[in-house]
Structure formats: C-alpha cells, structure tokens
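Engineer: Here it is: the structure, laid out below.
Here it is as structure tokens:
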C-alpha cells in the first residue's frame, strides 16, 4: 500500500512560504511514497523537486491547482499549465496532456469552489474529487464532497493543501501499485486530519500581509 499527499504548495504559490526542497524532505520523513506539488497555476517547483528526487521508490507528481472560472481544479500528471483558464479550455489542455482532473475543496464556502449543480452537470470531465482537505475548517465541507463522490462514483482523492512545513502529509491518498491507474479505476481511499486547518489559514493571512511590505 502506498500513501501520497496530493495537494501541496511551495513558495511558488503567493500564499505559501514552503521551500520546495523542504517539502520533498518532509514528505519522505513523514512516511509518504509520493507527493503532488500543486502550486497555483504553476509547475516550476514540481519540476524542481522532480529533478532533485533521486529515490526511485518515491514519486513526485507534476501538478498544479488551477484557478478556473468558478472553482479550483487540481491537474495531475501535466507537463505545462493550460494557457487559458476557462473551464473547457482547461479540460481540453489537461486531457491532451494525458493528465487527470480533480475537484479541489469543492464545497468550501470560504474559498473559490464549484457549486453542486455545475459538478453534476459536468461530471464526465472529472477523474476524482478531493474528499478530504486538511485545510477545511468545517468538517461538513469534506463530508459533502464524500457524499458527492458516492453519488457520482468518482475516485477519492485527498491532500493536506499544505502551505507551511507543519502541514505536509496531514492527509494521505492510499492505493496499490500505480496512482494514475488507481484513480482511473477508482481504487483509492483517503485518511487525514483537519486539526491544523485553522492555524494554516491564520499563517497564510500573516504571510500575505508581510508580503505587502
């Protein structure tokens, strides 16, 4: 059984101060077999870490959290960020790259998210849904995502949504053998904690304020 954190930011995201090298080190130290670096509309850190990683038993997934009109999508296994960020352009770009599209924190009312009607109407374009995000302050948001997963028969995906070092690995996606195939075959499960969610958001606010000076 393998465990990946599929939602991690570095200082290439304006809301994070996490050194990419440290993210890789912490992921391995905390027992993960892989990590997806999902900076906002950016894959520089993901490529950096991929080149730094010399462990053949540890996978760095090139990914990005895309700020699409209406919500956030995590694109896994991509080699470039879509040039246009409207929903259908993103779908076309990620599909042409052979990537996977995951709904990120889909029901979090405190962050950009797609509404349920949109998700159900466009379900054929998604490969999975984030059923546990460690930064969800209210557990009901994760619960609603899990309920939709069951209704839509999506693959379960989870991630820490880490922006700082103490958050890396707080949520894990478990699977056998190959992540890509496991998501496609809906053979994943998730375990995590949102204990650090509120402190995480607090530190993000402070980080953004300091960057203004």
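Numbering (my numbering), first residue to last: 10 to 222. The beta carbon of each residue, even a glycine, is placed where N, CA and C say it ideally should be.
1) State the Cα-Cα distance for the pair residue 6 and residue 12, rounded to the nearest angstrom.
2) Among the candidates 128, 88 and 133, whose CA atom is the shortest distance from the CA of residue 55?
3) Looking at the unbroken alpha helix (DSSP H) that takes in residue 54, where does it start and where does it end?
4) What residues are listed by DSSP as bridge partners for residue 199?
5) On the criterion of 16 or more Cβ atoms from any shown chain inside 10 Å, does residue 185 qualify as buried, or is it exposed?
6) With H, G and I counted as helix, E and B as strand and the rest as coil, what does DSSP make of residue 126?
7) Please list the terminal residues of the continuous alpha helix (DSSP H) segment that includes residue 189.
8) State the start and end residues of the unbroken beta strand (DSSP E) segment that holds residue 224.
9) Using the rule of at least 16 other Cβ atoms within 10 Å of the residue's Cβ for burial, across every protein chain shown, is residue 176 buried or exposed?
10) Inspect the CB distances between the segment 184-200 and the segment 17-36 and report whether three or more fall short of 8 Å.
Structural biologist: By the coordinates alone:
1) Since the first and last residues shown for the chain are 10 and 222, residue 6 lies out of range.
2) Selected option, being the one with the closest Cα: 88.
3) Where residue 54 is concerned, the enclosing alpha helix (DSSP H) stretches over 53-61.
4) In the DSSP output, where bridge partners are listed per residue, residue 199 has 182.
5) Of the residues assessed, residue 185 falls on the exposed side of the cut-off, its CB having fewer than 16 other CB atoms within 10 angstroms.
6) In the structure shown, residue 126 adopts helical secondary structure according to DSSP, grouped into three states.
7) Per DSSP, residue 189 belongs to the alpha helix (DSSP H) from 188-193.
8) This structure leaves residue 224 out entirely; the chain is present only between 10 and 222.
9) Around the beta carbon of residue 176, a 10 Å sphere encloses 16 or more other beta carbons of the protein chains shown; the residue is thus reported as buried.
10) Judged by Cβ distances under 8 Å, the segment 184-200 makes no contact with the segment 17-36, as fewer than three pairs qualify.
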